[in-house]
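S.K.:
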Amino acid sequence: MTKTSHSPLRTIVIVTLIVVAAMAILAASSGVALRIANKSAPLIDASMEVKYELSLFHLWFEELVQQDPTVDREQVWQHLNQARWYANTMLQGGESSHVKFQALDDPALRSMIRNTLDQIDQLESVGLARLKRAQSSLAGSNQDQLFDKVFAEALKIADDVETAVYRNMATQIRQFERLVYILGAVVMLVGLAGGILFFLIERRRRSDYTLLQESEARFRRLFENTAAISVQGYDRNRRVIYWNPASETLYGFTADEAIGQQLEDLIIPGEMREGMIAAIDAWMDDGTEIPSSEMTMRRADGSPVQVFSNHVMLRTHNNEPEMYCIDIDLTERKRAEAQARQHELVLNSVFQALPDLFFLMDQDGTIRDYRAPQAADLYVPPETFLGKRMQDVLPPTIAAQFNENRAVVSERGGLTTYEYTLELPHGLRLFEARLSQLPDSPQLIAVIRDITERRRAEEALAKSAQEWTHAMDFFEDAIYLIDLDDKLVRANQAFYKLTGLTPELAIGMDITSIIHPQGEAEPCPVCEARIARSDKYITMEAHHPHNPTGRPIEVMVRTIRDDTGSPLGVLMGMHDLTRARQAQQALRESEERYRTIFEGAPEGVWLIGPDHRTLEVNQRLCEMLGYRADEMIGRTPLDFADEENQKIFRGQAAKIETTDRRNYEVELRHRDGHNIPAHFNAITLHTDKGGVLASVAFVTDLTEQKITEQALRRAQKMDAIGQLTGGIAHDFNNLLGIIIGNLDFLKRLLPEDDKSLKRVESASKAALRAADLTRQLLGFSRKQAQEARPTNINQVIRDMDSLIARSVTPEVEVELQLADQPWLTRIDPGDLEDALLNLILNARDAMPQGGKLTIETANQRLDKTYAGLNPAITPGDYLQLAVSDTGSGIPKEILEQIFEPFFTTKPSDKGTGLGLSMVYGFARRSNGYVKAYSEPGIGTTIRIYLPRSIEKSEMIPQTSISETRLTPGHGTILVVDDEDNLLDLAKDYLEETGYKVHTATRATEALALLESEDDINLLFSDVVMPGGMNGYELAEQAYKLYPNLKILLTSGFTKKVAARHSQAHFAANLLSKPYSRDDLIKRIQDVLDGE
125 MTKTSHSPLR
135 TIVIVTLIVV
145 AAMAILAASS
155 GVALRIANKS
165 APLIDASMEV
175 KYELSLFHLW
185 FEELVQQDPT
195 VDREQVWQHL
205 NQARWYANTM
215 LQGGESSHVK
225 FQALDDPALR
235 SMIRNTLDQI
245 DQLESVGLAR
255 LKRAQSSLAG
265 SNQDQLFDKV
275 FAEALKIADD
285 VETAVYRNMA
295 TQIRQFERLV
305 YILGAVVMLV
315 GLAGGILFFL
325 IERRRRSDYT
335 LLQESEARFR
345 RLFENTAAIS
355 VQGYDRNRRV
365 IYWNPASETL
375 YGFTADEAIG
385 QQLEDLIIPG
395 EMREGMIAAI
405 DAWMDDGTEI
415 PSSEMTMRRA
425 DGSPVQVFSN
435 HVMLRTHNNE
445 PEMYCIDIDL
455 TERKRAEAQA
465 RQHELVLNSV
475 FQALPDLFFL
485 MDQDGTIRDY
495 RAPQAADLYV
505 PPETFLGKRM
515 QDVLPPTIAA
525 QFNENRAVVS
535 ERGGLTTYEY
545 TLELPHGLRL
555 FEARLSQLPD
565 SPQLIAVIRD
575 ITERRRAEEA
585 LAKSAQEWTH
595 AMDFFEDAIY
605 LIDLDDKLVR
615 ANQAFYKLTG
625 LTPELAIGMD
635 ITSIIHPQGE
645 AEPCPVCEAR
655 IARSDKYITM
665 EAHHPHNPTG
675 RPIEVMVRTI
685 RDDTGSPLGV
695 LMGMHDLTRA
705 RQAQQALRES
715 EERYRTIFEG
725 APEGVWLIGP
735 DHRTLEVNQR
745 LCEMLGYRAD
755 EMIGRTPLDF
765 ADEENQKIFR
775 GQAAKIETTD
785 RRNYEVELRH
795 RDGHNIPAHF
805 NAITLHTDKG
815 GVLASVAFVT
825 DLTEQKITEQ
835 ALRRAQKMDA
845 IGQLTGGIAH
855 DFNNLLGIII
865 GNLDFLKRLL
875 PEDDKSLKRV
885 ESASKAALRA
895 ADLTRQLLGF
905 SRKQAQEARP
915 TNINQVIRDM
925 DSLIARSVTP
935 EVEVELQLAD
945 QPWLTRIDPG
955 DLEDALLNLI
965 LNARDAMPQG
975 GKLTIETANQ
985 RLDKTYAGLN
995 PAITPGDYLQ
1005 LAVSDTGSGI
1015 PKEILEQIFE
1025 PFFTTKPSDK
1035 GTGLGLSMVY
1045 GFARRSNGYV
1055 KAYSEPGIGT
1065 TIRIYLPRSI
1075 EKSEMIPQTS
1085 ISETRLTPGH
1095 GTILVVDDED
1105 NLLDLAKDYL
1115 EETGYKVHTA
1125 TRATEALALL
1135 ESEDDINLLF
1145 SDVVMPGGMN
1155 GYELAEQAYK
1165 LYPNLKILLT
1175 SGFTKKVAAR
1185 HSQAHFAANL
1195 LSKPYSRDDL
1205 IKRIQDVLDG
1215 E
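Below you can see the structure in the form of structure tokens.
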């Protein structure tokens, strides 16, 4: 009974507990689902905000680079900082004005967000570098591509974060759903619990779906309201599913027209159609991403448009792929780049068109260089005046004038201008010479301009003005007065001369009978005006029937009245228009000549009024500054200069009233914002009363002149350094020879177990390193190659394979890109090996963490345009050798110093500063040219251009000294050296080997020994010696006297520096200082054993 009675109750209780438990579990699970959605939705929003802020930063940054004045720089960087803030919030948690973010705890997601922050930092760094460069000049395509690459990578990582957050939320929800389904299976045993479970699940799903809808709506609002970023969405079949307003503006299709259309039928050009379809399908199928890049798309009207396109792949709730394209219009940026290139070409053409002659001279007038537009402009051929003094070339009177002005410039500095005439093959010409001293240099520069035609034009204008003034001074009108009865009362001499009457006959006569003695054939307009008492000016041509003069005249009729207005008489005058019309014609011709000169002047001409405002400018000045004439007229020169140069204009304006001629330099601001160095030759024009009428300035663009002057100063500086270092190195070589030799003796004297031997060897190594440094110094200073011959550079590089591999660290990848058929070039292969090794070591040091080293050769034809931009090189065929690294790069401010001896950025124990100076010396000796290109943070490329040689290659194998065993010597040797220590050292070396030795310190002493001693087999002499006879001359004299005598010379300089053509065979066997004992003995034996 008890069991029966309690069993239903127990069942009811258990079922009730199960139902209550199930309901409690379902309610708690629903809360968990809501928390998952509430936690994930803000993170999804944050990831979308990161992408949105990055896109806005990229858009406005491009406008900022183009220097759009409406763009706020702070606002641009605010977008980047906002993206950084959202990323940090996802990593660390935080709260905005409308939502609270919880930090992610998933390690993989946290790692991805840190990568996003790293990319944002890199984007900021690259953006600042690009912006800095853009403020000085247009950024190069490399800088643009680097910035766009970093931006695309940042956007991709942010997109991956968003996808990962989506997937993380979906995973949690799926796990929760599995739990709910298990509980649902249990709850389904009771209907009520099942209904509650269904209700709770539906509420959770609807909440989740609502949150996702709100997130998507925010995303759409962001891109719907972004007018400058085109965003399009495409489904699996490349059909348009989203088309924002910016896309309508960019491509010309409305959203209604675009939705449902396939991408390739809408905006893809025909030639890109197949490739684009394949790329999108590959991304959709296997995830092969389409990289962000510049593309040329097609508008609705068929016109092309250049865009930078980013691509993002998203997945729907059904895991279907959707592609979104974010396009930025590049039209304006490309147009600005094209305009900059065109402007550079125009400036170069203007400089080439200048008609002036330029001469570069020393203080004493010695001509070092020149520039002439054409050979006919020169007084004598260049070969007759280069290296000679200007005053020795010119005729005596002009030479005296030049000397006088040269003395003024040398003593006072500044600029002097004078004129002279000179007979040229095409006639006598008038020249204007401007002589000045170069800044920070003792040299002078003369600018000569042919002003013959200008002077003729000025004289023609002056003559025309004089004739006009003379005509006005002597002009006489026939003036006469008649009474009311038409009787003549009074007249001037011109009237009597006109009529042929005397005053006695004419006065009292009727004016009609005087003017018309033959009577009037028809009414006379003058008589009618006189009778009617009308005031008139009547013009009569020469053929007029009532014109008695036979010349064109103007007749004045003026009635004289009293105070009441009653007529008293008539004043009449006849003005002969002949001269006036002739003067008017002459004036028109004069003005035409002036306008021709004004507009045709090779310089800019600027006419400025007394109020300092522009009255007139010629076309040349407009082209120089980029303005139209009507845009400049009425403005002051201050409007075309920055603040610093405005001070110069103000200072010169203060001198207008006191100084008639002013010459000065100033920088003018071009319309596009860059400065143009210009020379002003300004003249003040005065009125008859001495006041300022106007100021006219002849403006010369100095851009190319400044570039040429800078290149000249750099070349002179390097040449001076080379001469200085060469002299020091030669003297130092002799000292090193003594040190190395004595250390060599010490090593052989000390036993092998002597502790001092280690110190001697250390000193010997240091001395040899010092010898290598002096060799580098001499290599920089010498002006011709030692063993120049036609060389295949590829063969030299391949022969250095093992040396190159040993010279770099394992982290450095070496790549050779050698021309298939390189031109030969005439160089010293040993010099090339030294130069290439120095470049490789420098590249290695620039990549301590590893990188890529590229060695390239290529055939290059450098034209006149390239040579015009690089004055140190002449047009022609060149073999180019380039060494590139991906290291730290060289800052722009020190790039021009890197070839100077001893200049280095390395610590003192790691670099001497001679490596690149050797490279520079090698290029110069080889008649070549070296150029450095570098971008900080990207890498450096050094290019050497070597002239092409048409001779056949002569590669000579080299042998090592160690390959030949030294044998005991025999015979007698005469050693000649003015350095006693070196002389004793060589004597000890030779006597120790077994030779008999005579010594001498002068060439004359050596010749005396040769005459007195019959047993001398070989003459060993230094090249540089005092006493009037050097080693080459001694060898030549000894060889003439003793043809069988063997001769060996030694020097610290190169083999052919001082040798004449007749001494070349002595130079071929030159022993370089400092030398070791083995070097000396080996060379002595070779000479004695040879023919």
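Just so we're aligned, residue 125 is where the sequence shown starts under the working numbering, counting upward by one.
Where is the CB? At the ideal position from N, CA and C, for every residue including glycine.
All values reported here derive from a predicted model rather than from experimental measurement.
Are L374 and D272 closer than 8 angstroms when you measure CB to CB?
M.R.: Not in contact: L374 and D272 (Cβ atoms no closer than 8 angstroms).
S.K.: How many Å lie between V749 and A710 at the Cα?
M.R.: Looking at the sequence provided, one finds Leu at residue 749 rather than Val. Computed Cα separation, rounded: 35 angstroms.
S.K.: Between N671 and K621, what straight-line distance do the alpha-carbon atoms span, to the nearest angstrom?
M.R.: Using only the alpha carbons, I get a separation of about 15 angstroms.
S.K.: What's the gap between the Cα of Q1209 and the Cα of N916?
M.R.: Distance between the alpha carbons of Q1209 and N916: 33 angstroms.
S.K.: Should E628 be listed as close to the ligand SAM, given that the test is whether its C-beta is under 7 angstroms from any heavy atom?
M.R.: No copy of the ligand SAM occurs in the structure displayed, which carries no ligand at all.
S.K.: Would you tell me roughly how many angstroms separate the C-alpha atoms of I606 and T811, rounded to the nearest one?
M.R.: If you take the alpha carbons of I606 and T811, they lie about 41 angstroms apart.
S.K.: Roughly how many whole angstroms lie between the Cα atoms of A821 and R793?
M.R.: Their backbone Cα atoms lie some 17 angstroms apart in a straight line.
S.K.: Would you identify the three-state DSSP class for I575, choosing helix, strand or coil?
M.R.: I575 falls in the coil class under three-state DSSP.
S.K.: Taking 8 angstroms as the threshold (C-beta atoms), are A806 and E789 in contact?
M.R.: Contact flag unset, no.
S.K.: Under three-state DSSP, which class holds G394?
M.R.: Looking at G394 - three-state DSSP - the assignment turns out to be helix.
S.K.: Could you check where the beta strand (DSSP E) with I757 kicks off and where it finishes?
M.R.: Element bounds for I757: n/a, residue is neither H nor E.
S.K.: In angstroms, rounded to a whole number, what distance separates the CA positions of G1013 and E418?
M.R.: Each residue's Cα considered, the two are about 27 angstroms apart.
S.K.: Leaving out five residues before and five after I1080 in sequence, what residues of the same chain have Cβ atoms less than 6 angstroms from its Cβ?
M.R.: Any reading at I1080 must be qualified, since the residue scores a pLDDT of 45, below 50, and its modelled position is unreliable; no value is offered.
S.K.: Based on Cα-Cα distance, which residue from L1106, G394 and N212 lies nearest to F859?
M.R.: The displayed chain sequence assigns Leu, not Phe, to residue 859. Closest option to L859, Cα to Cα, is L1106.
S.K.: Helix, strand or coil, according to DSSP, for S1012 in the structure here?
M.R.: In this structure, S1012 counts as coil in the three-state DSSP scheme.
S.K.: Using DSSP with H/G/I as helix, E/B as strand and the rest coil, what is C449?
M.R.: Three-state result, C449: strand.
S.K.: In chain order, which beta strand (DSSP E) runs of at least 3 residues are fully inside the segment 969-1009?
M.R.: With a minimum length of 3 residues, the continuous beta strand (DSSP E) runs that stay inside the segment 969-1009 are 975-986 and 1000-1009.
S.K.: Can you tell me whether DSSP reads W947 as helix, strand or coil?
M.R.: DSSP places W947 in coil when its eight states are reduced to three.
S.K.: Which residue's Cα is closest to the Cα of E507: Q515, P519 and Y494?
M.R.: It is Y494 whose Cα lies nearest to the Cα of E507.
S.K.: Compute the distance between the beta-carbons of L608 and P669, then report whether it is under 8 angstroms.
M.R.: Result no, Cβ atoms of L608 and P669 do not sit closer than 8 angstroms.
S.K.: Are the beta-carbon atoms belonging to L1040 and I1018 less than 8 angstroms from one another?
M.R.: It is not a contact, given that the beta carbons lie outside the stated cut-off.
S.K.: How about L1109 and L1134: are their beta carbons less than 8 angstroms apart?
M.R.: No, they are not a contact pair.
S.K.: Taking the alpha helix (DSSP H) that D1213 belongs to, which residues open and close that run?
M.R.: R1201 to D1213 is the extent of the alpha helix (DSSP H) around D1213.
S.K.: Note down the Cα distance separating L518 from I575, rounded to an integer number of angstroms.
M.R.: Cα to Cα, L518 sits roughly 18 angstroms from I575.
S.K.: Look at the alpha carbon of A595 and the alpha carbon of E828, and state the distance between them as a whole number of angstroms.
M.R.: Bear in mind that a pLDDT of 41 at A595, under 50, signals an unreliable position, so the number given afterwards is only what the model happens to contain. About 49 angstroms.
S.K.: At the level of alpha carbons, what is the spacing between A584 and P734?
M.R.: About 27 angstroms.
S.K.: May I ask you to report which of helix, strand or coil DSSP gives S371?
M.R.: DSSP places S371 in helix when its eight states are reduced to three.
S.K.: In or out: G489 buried (at least 16 other Cβ within 10 Å) or exposed?
M.R.: Classification of G489: buried, given that the 10 Å Cβ count is 16 or more.
S.K.: Can you list the beta strand (DSSP E) stretches of 3 or more residues lying completely in the segment 712-738, in chain order?
M.R.: The segment 712-738 contains these whole beta strand (DSSP E) runs: 728-732.
S.K.: Could you tell me the alpha carbon to alpha carbon distance between M408 and E767, rounded to whole angstroms?
M.R.: Going from the Cα of M408 to the Cα of E767 covers about 59 angstroms.
S.K.: Spatial neighbours of R1201 within its chain, please: C-beta separation below 6 angstroms, excluding the five flanking residues on both sides.
M.R.: Here the set comprises D868 and Y1113.
S.K.: What number of angstroms, rounded off, separates the C-alpha of H435 from the C-alpha of A402?
M.R.: One C-alpha to the other measures close to 15 angstroms.
S.K.: Assign V650 to one of two classes, buried (16 or more other C-beta atoms within 10 Å of its C-beta) or exposed (fewer than that).
M.R.: When all chains shown are included, V650 counts as buried.
S.K.: Might you give, ordered along the chain, the residues of its own chain that have their beta carbon closer than 6 angstroms to the beta carbon of V174, omitting 5 neighbours on each side?
M.R.: Only A207, Y210, A211 and A282 meet the Cβ criterion.
S.K.: Pull up the CB-CB distance for M1149 and D1102, whole angstroms please, since I reckon it's below 8 angstroms.
M.R.: Contact holds; Cβ gap of about 5 angstroms.
S.K.: Got a sec? Which residues, its chain only, sit under 6 angstroms from R682 by beta carbon, not counting five neighbours each side?
M.R.: The residues are D659 and L695.
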